[in-house]
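Undergrad: The structure is given below, and queries will be raised subsequently.
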Amino acid sequence: MAELTAVLASTHHPFYYKATTSPEDQRPPYAADWQRKVEAYRATLTAAEPDILVMVGADHFHQLWLDNYPQFLIGKQERYDATFYNEEREFGIPKYTLAGDIELSRHMHEELLGKDFDLSVSHELKIDHSIICPIITVRPEADLPIVPIYTNIFVPPLPSPRRFYALGRAIREVIDSFPSDKKVAAIGTGHLSLELGGPRQFGEHGPDPLFDADAIEWLSTGNVDAILDNVTHESMAGAGNATHGFMDLLLMMGIAGPGVQADYVDHLDLFHTREMYMTWYPNKTQDQLEAAARAAKTAQASIGPIYASDPTWDQFRGERAATAGAAEA
Amino acid sequence: MSKYYVNKFLFTIDRDPEWVASYKEDPRGTVDRWEKQIGRWLNVTEQTSWLEFTPEEREALSTHDYVSLFENGAHFFLNLTLFIALFDEEYAAAHGPLAFQTEMARQLGHWTGRDYPSVAM
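Residue numbers (the working numbering), protein chains in the order written: chain A, 1 to 329; chain B, 1 to 121.
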């Protein structure tokens, strides 16, 4: 059977490519710190020695559209083109061609149907930045075949958080049952609190840093019950109108498993949103754990959970208390 | 609001550089031309018989009024990306990186702390 050697859940930020490839004098001031953290995170995937990448993301109205919008979709192709015109225009992301893995796509599609997850299928799916951003950050060689899975985080009514988590659990079972000697890594990207096209966009910090604090604790400790008790479509909207991308991170936690602590956790306050980088090793090896420890030393990341009680978040508790006090006055 | 038809306009304009340029230069004329050439088309043979803008929608699109579009439930992502395409470069040249994005947030500031208009259809 195939071996799931790593699960990566992270935010995806389309500005990363341009910020880190621009001439030195045109780089934003946060680029060096960002690049250091991302390249350290990349080593946690390299240590898993994957042969295939199962990649979870969401089309940002680049190809999928309101005339027929799927809740969950899988690509089943030998090759995938990537990067749409308006992503090149807006973010400077180049074009890519990625190999597919038809065998795993077919197995995944059929087995998920057997588990009552009725995924749509595409034979002409073009990949957008939700999947190309993690290729750029953690596998810039773009040399591994992928199985893309898209979720609906944009078009209400959305599937429930519980459904995203359950799909993650089902994907884990399907990868574990794949009759192959290949090593598989699952990589999914989404968001912490995020605002796009609304009054809180592009502020000094993300729209709700304390949601981010809870989210990172819940994900990194494997506390799915806390997420399902606290996170609803309404609460995510309250944390920022594009926060529903958090459900793709929850899906990845489903692949990792309940109560399973992450082996690598990092985050970065990137003015208008918080970046997060998390890795689980389902079949831990000493080499993987040592790689994670080295990466954590470089990035000043953690080789275990990060809790919402961490002093990192104190400044935001102070801000929230001040805001509440001002409202009462 | 014909949210679907407004979103269709934003979506189809945003994915084509020629339509983006046309919409920036001549928004009112582009809305009219788009309806004839794209808006009602399902494919080269089939057309919808019932999709159309309300007068308010037509005016909002014809005046680049992204605040009105937000307030009437146009999808926030489409509303952002198309108007970035129109205005980001000139704002950035005049006021620095992300100047249009922060201006858009300022224009929508009166929604802070309130439930936003629903983008559900």
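Each residue gets a CB set at the ideal place from its N, CA and C atoms; glycine is no exception. Note that the coordinates shown come from a computational prediction; the quantities given were computed from them, not determined experimentally.
With 8 angstroms as the limit, tell me which residues of the stretch 78 to 93 of chain A have their beta carbon closer than that to any beta carbon of chain B; keep them in chain order.
TA: Cβ contacts with chain B: Phe84, Tyr85, Asn86, Arg89, Glu90.
Undergrad: Given a threshold of 16 other Cβ atoms within 10 Å of its Cβ, counted over all protein chains shown, does B/Val20 qualify as buried or as exposed?
TA: Within the second sequence, numbered from 1, the residue matching residue 20 of chain B stands at position 20. Result: buried.
Undergrad: Less than 7 angstroms between CB atoms is the rule here; does B/Asp14 satisfy it with respect to chain A?
TA: Here residue 14 of chain B refers to the residue found at position 14 of the second sequence. Closer than 7 angstroms: yes.
Undergrad: Can you tell me which of the three DSSP states A/Trp65 falls into?
TA: The sequence position of residue 65 of chain A within the first sequence is 65, counting from 1. Looking at A/Trp65 - three-state DSSP - the assignment turns out to be coil, as it is neither helix nor strand.
Undergrad: For A/Leu4 and chain B, any beta-carbon pair shorter than 7 angstroms?
TA: Taking the first sequence and counting its residues from 1, the one referred to as residue 4 of chain A is at position 4. It does not; no Cβ of chain B falls within 7 angstroms.
Undergrad: Any beta-carbon of chain B closer than 7 angstroms to the one on A/Gln201?
TA: For the purposes of this step, residue 201 of chain A is taken as residue 201 along the first sequence, with counting starting at 1. Closer than 7 angstroms: yes.
Undergrad: Excluding the 5 residues preceding and the 5 following B/Thr12 in the sequence, name in chain order all residues of the same chain whose CB lies nearer than 6 angstroms to its CB.
TA: Locating residue 12 of chain B in the second sequence gives position 12, counting from the first residue. Hits under 6 angstroms: Ile38.
Undergrad: Comparing alpha-carbon positions, which option in A/Ser220, A/Asn241, A/Arg200 lies nearest B/Arg106?
TA: Reading the second sequence from its first residue, position 106 is the one you call residue 106 of chain B. Of the candidates A/Ser220, A/Asn241, A/Arg200, the one whose C-alpha sits nearest the C-alpha of B/Arg106 is A/Arg200.
Undergrad: Taking 7 angstroms as the threshold (beta carbon to beta carbon), is B/Tyr4 in contact with chain A?
TA: Working through the second sequence from its first residue, we reach residue 4 of chain B at position 4. It does; some Cβ of chain A falls within 7 angstroms.
Undergrad: Quickly, what does DSSP pair B/Gln47 with across the bridge? List them, please.
TA: Within the second sequence, the letter at position 47 stands for residue 47 of chain B. For B/Gln47, which the question treats as bridged, DSSP gives the partners B/Trp41.
Undergrad: Distance, Cα to Cα, A/Ala308 vs A/Ile216?
TA: Residue 308 of chain A sits at position 308 when you count from the first residue of the first sequence. Residue 216 of chain A sits at position 216 when you count from the first residue of the first sequence. A/Ala308 and A/Ile216: Cα-Cα distance of roughly 8 angstroms.
Undergrad: Could you tell me which of A/Thr97, A/Ala99, A/Gln261, A/Thr279 sits nearest to A/Asn223, measuring between CA atoms?
TA: For this step, residue 223 of chain A is matched to residue 223 along the first sequence. It is A/Gln261 whose Cα lies nearest to the Cα of A/Asn223.
Undergrad: Mapping DSSP to helix, strand and coil, what is A/Tyr281?
TA: Here residue 281 of chain A corresponds to residue number 281 of the first sequence, with the count starting at 1. Reduced to three states, the DSSP call for A/Tyr281 is coil.
Undergrad: Give a yes or no on whether the C-beta atoms belonging to A/Ile74 and A/Val7 are separated by under 7 angstroms.
TA: Counted from its first residue, the first sequence places residue 74 of chain A at position 74. Counted from its first residue, the first sequence places residue 7 of chain A at position 7. It is not a contact, given that the beta carbons lie outside the stated cut-off.
Undergrad: Quick one: using the 10 Å Cβ neighbour count with 16 as the cut-off for buried, is B/Trp50 buried or exposed?
TA: Taking the first residue of the second sequence as 1, we reach residue 50 of chain B at position 50. Flag for B/Trp50 reads exposed.
Undergrad: From A/Glu88, A/Pro179, A/Tyr264, A/Ala99, pick the residue whose C-alpha is nearest to that of A/Met1; which is it?
TA: What you label residue 1 of chain A is simply residue 1 of the first sequence in a count that begins at 1. Comparing Cα positions, the closest option is A/Pro179.
Undergrad: For B/Trp19 and chain A, any beta-carbon pair shorter than 7 angstroms?
TA: Against the second sequence, residue 19 of chain B aligns to sequence position 19. Not closer than 7 angstroms to any Cβ of chain A, the Cβ of B/Trp19 fails to qualify, so no.
Undergrad: Using a 10 Å radius around the Cβ and a threshold of 16 neighbouring Cβ atoms, would you call B/Ala93 buried or exposed?
TA: By one-based count along the second sequence, residue 93 of chain B stands at place 93. Counting Cβ neighbours within 10 Å, B/Ala93 comes out exposed, since fewer than 16 surround it.
Undergrad: In the structure shown, what three-state DSSP assignment does B/Thr63 receive?
TA: To locate residue 63 of chain B, count along the second sequence from 1; it is residue 63. DSSP places B/Thr63 in coil when its eight states are reduced to three.
Undergrad: Whose C-beta lies closer than 7 angstroms to the C-beta of A/Tyr85 among residues of the same chain, with five residues either side of it excluded?
TA: Counted from its first residue, the first sequence places residue 85 of chain A at position 85. So the list is empty, once near-sequence residues are dropped.
Undergrad: Taking the Cβ atom as the reference point for each residue, do A/Cys133 and A/His12 lie within a distance shorter than 7 angstroms?
TA: One-based indexing of the first sequence puts residue 133 of chain A at position 133. One-based indexing of the first sequence puts residue 12 of chain A at position 12. Yes, they are a contact pair.
Undergrad: Quick one: residues in its chain with C-beta nearer than 7 angstroms to the C-beta of A/Phe202, no 5 flanking neighbours on either side, listed in chain order?
TA: As a position in the first sequence, residue 202 of chain A is number 202, starting the count at 1. Excluding positions up to five away in sequence, the list reads His272.
Undergrad: Quick check on B/Gln47: buried or exposed, where buried means 16 or more other Cβ atoms within 10 Å of its Cβ?
TA: Residue numbering aside, residue 47 of chain B sits at position 47 when the second sequence is read from its first letter. Exposed is the call here.
Undergrad: Have a look at the DSSP bridge pairing and note the partners of A/Ser10.
TA: Counting from one through the first sequence, the residue named residue 10 of chain A turns up at place 10. Its beta-bridge partners are A/Thr189, A/Tyr277.
Undergrad: In angstroms, rounded to a whole number, what distance separates the CA positions of A/Arg42 and A/Ala186?
TA: To locate residue 42 of chain A, count along the first sequence from 1; it is residue 42. To locate residue 186 of chain A, count along the first sequence from 1; it is residue 186. For A/Arg42 and A/Ala186, the distance between alpha carbons rounds to 14 angstroms.
Undergrad: Whole angstroms is fine: what's the gap from A/Asp386's alpha carbon to A/Leu98's?
TA: One cannot answer for residue 386 of chain A here, as it falls past the ends of chain A, which runs 1 to 329.
Undergrad: Kindly indicate which residue of A/Thr298, A/Tyr69, A/Ile303 has the alpha-carbon position closest to the one of A/Pro154.
TA: As a first step, residue 154 of chain A is located in the first sequence; it is residue number 154 there, counting from the start. Strictly speaking, residue 154 of chain A in this sequence is Phe, with Pro absent from that position. Nearest option by C-alpha distance: A/Tyr69.
Undergrad: Does any CB atom of chain A fall closer than 7 angstroms to the CB of B/Gln101?
TA: Position 101 of the second sequence, counted from the start, is the residue given in the question as residue 101 of chain B. So yes, B/Gln101 belongs to the interface.
Undergrad: Pairs of beta-carbons, one from the stretch 56 to 68 of chain B and one from the stretch 124 to 131 of chain A, closer than 8 angstroms: are there three or more?
TA: Contact between the stretch 56 to 68 of chain B and the stretch 124 to 131 of chain A is absent, because fewer than three Cβ pairs lie under 8 angstroms.
Undergrad: Assuming A/Phe61 and B/Leu78 are in contact, meaning their beta carbons sit under 8 angstroms apart, how far apart are those beta carbons, in whole angstroms?
TA: Locating residue 61 of chain A in the first sequence gives position 61, counting from the first residue. Locating residue 78 of chain B in the second sequence gives position 78, counting from the first residue. Confirmed, Cβ separation roughly 6 angstroms.
Undergrad: From the DSSP output, read off the bridge partner residues of A/Phe271.
TA: Within the first sequence, residue 271 of chain A is the residue found at index 271, counting from 1. Note: A/Phe271 sits in no beta bridge, so no partner.
Undergrad: At the 7 angstroms Cβ level, is B/Ala120 part of the contact set with chain A, yes or no?
TA: Working through the second sequence from its first residue, we reach residue 120 of chain B at position 120. Interface residue, yes.
Undergrad: Please report whether the beta-carbon of A/Asn241 lies at a distance below 7 angstroms from any beta-carbon of chain B.
TA: As a first step, residue 241 of chain A is located in the first sequence; it is residue number 241 there, counting from the start. Chain B contact via Cβ: present.
Undergrad: Which residues of chain A have a Cβ atom closer than 9 angstroms to the Cβ of B/Ala94, listed in chain order?
TA: Stepping through the second sequence from its first residue, residue 94 of chain B is reached at position 94. Going along chain A, no residue has its Cβ under 9 angstroms from B/Ala94, so there is no contact; the nearest lies around 17 angstroms.
Undergrad: Counting only the same chain and skipping the five closest in sequence on each side, list residues whose C-beta sits under 6 angstroms from that of A/Lys95.
TA: Translated into positions along the first sequence, residue 95 of chain A becomes position 95. Around A/Lys95: Thr83.
Undergrad: For A/Leu119, return the contacting residues in chain B, with the cut-off set at a CB-CB distance below 9 angstroms.
TA: Walking along the first sequence from the start, residue 119 of chain A turns up at place 119. The contacting residues do not exist; A/Leu119 stays about 23 angstroms from chain B at best.
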